[in-house]
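Chemist: This structure is in structure tokens; I'll ask about it shortly.
There are 2 protein chains.
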Amino acid sequence: MERVPVLKIGDILLVSIQIDMSDQTALALQEDLAERIVATGCHGVIIDITALDIVDSFVGRMLSTIASISRVLDAETVVVGMRPAVAITLVELGLSLNGIRTALNVERGMELIAASREADLTYDGEVEYPEPGQTATSP
Amino acid sequence: MERVPVLKIGDILLVSIQIDMSDQTALALQEDLAERIVATGCHGVIIDITALDIVDSFVGRMLSTIASISRVLDAETVVVGMRPAVAITLVELGLSLNGIRTALNVERGMELIAASREADLTYDGEVEYPEPGQTATSP
Chain G
241 MERVPVLKIG
251 DILLVSIQID
261 MSDQTALALQ
271 EDLAERIVAT
281 GCHGVIIDIT
291 ALDIVDSFVG
301 RMLSTIASIS
311 RVLDAETVVV
321 GMRPAVAITL
331 VELGLSLNGI
341 RTALNVERGM
351 ELIAASREAD
361 LTYDGEVEYP
371 EPGQTATSP
Chain E
241 MERVPVLKIG
251 DILLVSIQID
261 MSDQTALALQ
271 EDLAERIVAT
281 GCHGVIIDIT
291 ALDIVDSFVG
301 RMLSTIASIS
311 RVLDAETVVV
321 GMRPAVAITL
331 VELGLSLNGI
341 RTALNVERGM
351 ELIAASREAD
361 LTYDGEVEYP
371 EPGQTATSP
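If you read the protein sequences in the order shown, they are chains G and E.
Convert by adding 240 to the 1-based position in the first sequence; the result is the number in the numbering used here.
Convert by adding 240 to the 1-based position in the second sequence; the result is the number in the numbering used here.
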């Protein structure tokens, strides 16, 4: 099985997705990332999708899951390098990547994470926790 | 044709090779990298091969070519993330990646490039320019 490498650069983990993601590859990536966040104490995850021609609902869901996992491990996820055509198709498909932050390229993504980290650390009031998401309730 | 994305991080271009390189992909990567070095003025190229199970003579030659192209464009190339098994196989095959610098991971690679750049810039003696190449003279 192919694995997507997770690269550590300073306080950030960088993932460049270039291969077609299967269920297994996606699961392995989620596990690898979670383990690396815990092992390194990194506070940011940048996922580069420059190489992707298509972002379908599967990849969209994978990105959302990674962002959620990272969030509970106190790391922020930014998706970077989206092609214009991919953005257009995403919106046409009705996939708006809710809860995922995006930036134009890796550098902007790093700035975004640094700025948001800075804001968190210098905030001297009460910490605002996000509202817990509505969980699916069976009728 | 698949293309390997070239990511700019500060003064460095980062390439993570995850797909099987064909002649065309290798050529495209060389062109992309050369163009990006010129366009961005970056002084370092880091090639991550964490995802590669095998480095054969084709990939070895590609790495050498990229390093040579970068060198004439005033950028240094460091190959990072080589797996232990890959290193063993390389040596067993008699491929020693001549002229290519290696580092354990991306961060070490960045340090290596920064240190070597620093050494170049703080050199306070006479700057040694390479001998101008012999130009073709029409008789």
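Think of the CB as a built atom: it goes at the ideal place given N, C-alpha and C, for glycine as much as any other residue.
For glycine 405(G), tell me which candidate among Thr342(G), Thr280(G), Ile306(G) has the shortest Cα-Cα distance.
Modeler: Given a span of 241 to 379 for chain G in the structure shown, any question on residue 405(G) remains unanswerable.
Chemist: So for aspartate 260(E), helix, strand or coil by DSSP?
Modeler: coil
Chemist: I need the straight-line Cα distance from serine 356(G) to aspartate 272(G), nearest angstrom please.
Modeler: 24 Å
Chemist: Around the Cβ of arginine 276(G), are there at least 16 other Cβ atoms within 10 angstroms (buried) or fewer (exposed)?
Modeler: buried
Chemist: From the DSSP output, in three-state form, read off aspartate 314(E) for me.
Modeler: DSSP, reduced to helix, strand and coil, places aspartate 314(E) outside both helices and strands of the structure shown, so it counts as coil.
Chemist: For a quick check, are the C-beta atoms of leucine 254(G) and leucine 303(G) less than 8 Å apart?
Modeler: no
Chemist: Can you find a CB in chain E that lies within less than 8 Å of the CB of threonine 290(G)?
Modeler: yes
Chemist: Quick one: grab the DSSP three-state call for threonine 342(E).
Modeler: Three-state result, threonine 342(E): strand.
Chemist: Out of Val318(G), Ala359(G), Leu330(G), Asp293(G), which one is the CA nearest neighbour of asparagine 345(G)?
Modeler: Val318(G)
Chemist: Could you check the C-alpha separation between alanine 359(G) and glycine 349(G) for me, to the nearest Å?
Modeler: Going from the Cα of alanine 359(G) to the Cα of glycine 349(G) covers about 15 Å.
Chemist: Determine the DSSP secondary structure at isoleucine 289(G), reduced to helix, strand or coil.
Modeler: coil
Chemist: Exposed or buried, which one is glycine 284(E) when buried takes at least 16 other CB atoms within 10 Å?
Modeler: buried
Chemist: Where do the ends of the alpha helix (DSSP H) carrying valine 246(E) lie?
Modeler: Element bounds for valine 246(E): not the alpha helix (DSSP H) but the beta strand (DSSP E), 246-249.
Chemist: Helix, strand or coil, according to DSSP, for valine 326(G) in the structure here?
Modeler: helix
Chemist: For proline 379(E), which of helix, strand or coil comes out of DSSP?
Modeler: At proline 379(E), the pLDDT of 45 sits below 50, so the modelled position is not reliable and the matter cannot be decided from this model.
Chemist: In the region 342-358 of chain E, which residues sit with their C-beta less than 9 Å from some C-beta in chain G, listed in chain order?
Modeler: Answer in chain order: Asn345, Val346, Glu347, Met350.
Chemist: Between proline 245(E) and the rest of its own chain, which residues show a CB-CB distance below 6 Å, the 5 nearest in sequence each way excluded?
Modeler: If the five residues before and after proline 245(E) are omitted, its C-beta is found closer than 6 Å to no C-beta atom of its own chain.
Chemist: So, with DSSP's three-state summary, where would you put glycine 300(G)?
Modeler: helix
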